[in-house]
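Below: the structure, in structure tokens.
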Amino acid sequence: MDIRPKAMTALYPTDILFQTPYWARVKTRLGLAPRAFDIPTAGPDKDVLVLLKPFGDHYVALVPQGPEHAPKEDLYGPFLEDFSQALAARLCSSVAFIRYDLPWDSPYAAQLAREGQRALPEPRLRELRMNMSTPSWNLRKAREDMTPASSLVVDLTGEEKDLLARMKPKTRYNIGLARRRGVVVRPACEADLPVFYSLYRQTAQRNGFSPCGAAHFAAVFQGPIDALSGQGRVLFLLAQHGQDVLAGAIVGVSGGTATFLYGASSGLKRNLMAPGLMHWSAMRLTRALGCSRYDMGAVSPGDDPAHPFHGLYRFKTGFGGQIEYRCGTWDYPLRHDVYAQYNDAELWRGLNEKRKLSHHTL
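Each residue of the sequence shown is one higher than the last, beginning at 332 in the working numbering.
Written as structure tokens, this is what we have:
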């Protein structure tokens, strides 16, 4: 496979925010080194953004929701192996492994739609399927996905009345209720980040996930953004009732897709249903910018009360839309010894985060 280095600013317009020059700038501020490559053998206008993340004396090459180009399903593995070898030849020798957060449709999509998470084979069987017809059988399923493999996407086409008609009656009612009771959604700016971050940390503690650091959010808002070229921008919204900030959202926009990146909500006045009005406001604003899709992010693959994302499933499916099932995160080790060290470090980090969250919950 032939790939060729290119300037970061020359990345082609895309609906995937994480494959834009904007996202490359965000990650540069957080200490990662971006690289861009054309993929001529995949067809015209095919390219990829890669981010080099330090790990001791080595690097991890992260491919955030890329490559965007997807081969036929039965060629997923062979394509990834060919691409990995071509990419390794273009990167420095200190890269220990390549990690892909694939945006491609999951081979198990039909089963997941019918049966939920229980339809997904255990990782070893998924690896067998992915590596079929590859010479080296070197693709590994990552322990966790970088971005949600099951995501609820709302269709923004049509008139506003059409969008409302596609929602569940309870969701429409709650949007109206928030308005009637005086909740207001306003555009926010970088100066509002401390308020949002406080809410975000409360949300993390309440829902049992490890929060990003404040520097991550500051990086999202630094530097120029371009809303019209398909190269990425963000919207920042806060929902208030009087002086009380009840919810916040950071939404990325690239091409025709809006992506809900980060959300936060207060434990106060939950009866006012502020998050519902906040998402509806974001949909209206991004639709006005030309978006036809609103990706609400993580949900459980189906209506499974035992799944940790079931609460998100119940809330987000109220807005209509369809669940998109993606392949998730896959690794291609180049240095197996360093890859094993990285996996051990990930495992211990995850265990420590769970201990901290359990301590805060108690």
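For glycine and all other residues, C-beta sits at the position ideal for the given N, C-alpha and C.
Only a predicted model underlies this, so the values are computations on that prediction, with no experimental measurement involved.
At the level of alpha carbons, what is the spacing between Ser529 and Tyr593?
13 Å
Can you list, in chain order, the residues of its chain with a C-beta nearer than 8 Å to that of Arg624? Leave out the 5 residues immediately preceding and following it.
Same-chain partners within the cutoff: Asp346, Val484, Val485, Asp486, Leu487, Gly587, Thr588, Ala589.
Identify the continuous alpha helix (DSSP H) that holds Lys647 and give its terminal residues.
641 to 647
Give a yes or no on whether the C-beta atoms belonging to Val391 and Phe428 are separated by under 8 Å.
Contact flag set, yes.
Only counting the same chain, and skipping five residues up and downstream in sequence, which positions put a Cβ closer than 6 Å to that of Gly583?
Leu348, Val565, Thr590, Leu592
C-alpha gap between Arg335 and Gly598, whole angstroms
When rounded, the distance between both Cα atoms is 50 Å.
Environment of Cys423 [buried if 16+ CB atoms lie within 10 Å]
Around the beta-carbon of Cys423, fewer than 16 other beta-carbon atoms lie within 10 Å, marking it exposed.
Would you kindly work out how many angstroms separate the C-alpha atoms of His691 and Asp413, rounded to a whole number?
Residue placement at His691 is flagged as unreliable, the pLDDT there being 32, under the threshold of 50; the coordinate-derived value follows with that caveat. About 46 Å.
Please state whether DSSP places Ile429 in a helix, a strand or coil.
Looking at Ile429 - three-state DSSP - the assignment turns out to be strand.
Is the beta carbon of Leu456 sitting closer than 8 Å to the one on Val514?
No. Outside cutoff.
Which partner residues does Tyr625 have in the DSSP bridge list?
Val485, Ala589
What is the C-beta distance between Tyr656 and Tyr439, in whole angstroms, given that I count them as a contact (C-beta under 8 Å)?
Yes, Tyr656 and Tyr439 are in contact; Cβ-Cβ is about 7 Å, under 8 Å.
Distance, Cα to Cα, Arg666 vs Ile506?
52 Å
Own chain, CB closer than 7 Å to Arg686, minus 5 neighbours either side, in chain order:
Because Arg686 carries a pLDDT of 43, less than 50, the predicted location of this residue cannot be relied on, and the following value inherits that uncertainty. Hits under 7 Å: none found.
Neighbourhood of Phe321 by C-beta distance below 7 Å, restricted to the same chain and skipping five residues each side
Here the chain has residues from 332 to 693 only, and residue 321 is not among them.
Along the chain, where does the alpha helix (DSSP H) that runs through Gly408 open and close?
407 to 421
According to DSSP, is Ala580 helix, strand or coil?
In the three-state DSSP reduction, Ala580 falls in the strand class (E or B).
Thinking C-alpha only, which one of Ala509, Pro664, Ala619 is nearest Lys700?
Nothing about residue 700 can be read from this structure; the chain reaches only from 332 to 693.
Could you tell me the alpha carbon to alpha carbon distance between Tyr673 and Glu458, rounded to whole angstroms?
19 Å
Give me, in chain order, the residues of the same chain whose beta-carbon lies closer than 7 Å to that of Ser560; leave out the 5 immediate sequence neighbours on both sides.
A caution first: Ser560 carries a pLDDT of 43, below 50, which makes its placement in the model unreliable, though a value can still be read off. Counting only Cβ-Cβ distances below 7 Å, and skipping sequence neighbours, we find Pro344.
Could you tell me whether the Cβ atoms of Leu608 and Val516 are closer together than 8 Å?
yes
Please find out if some non-hydrogen atom of the ligand MG comes closer than 7 Å to the beta-carbon of Ala580.
Absence of the ligand MG from the depicted structure is noted, as is the absence of any ligand whatsoever, leaving it without description.
Quick check on Phe540: does DSSP put it in helix, strand or coil?
In the structure shown, Phe540 sits in coil (DSSP, three-state: anything other than H, G, I, E or B).
Distance, Pro365 Cα to Ala522 Cα:
28 Å
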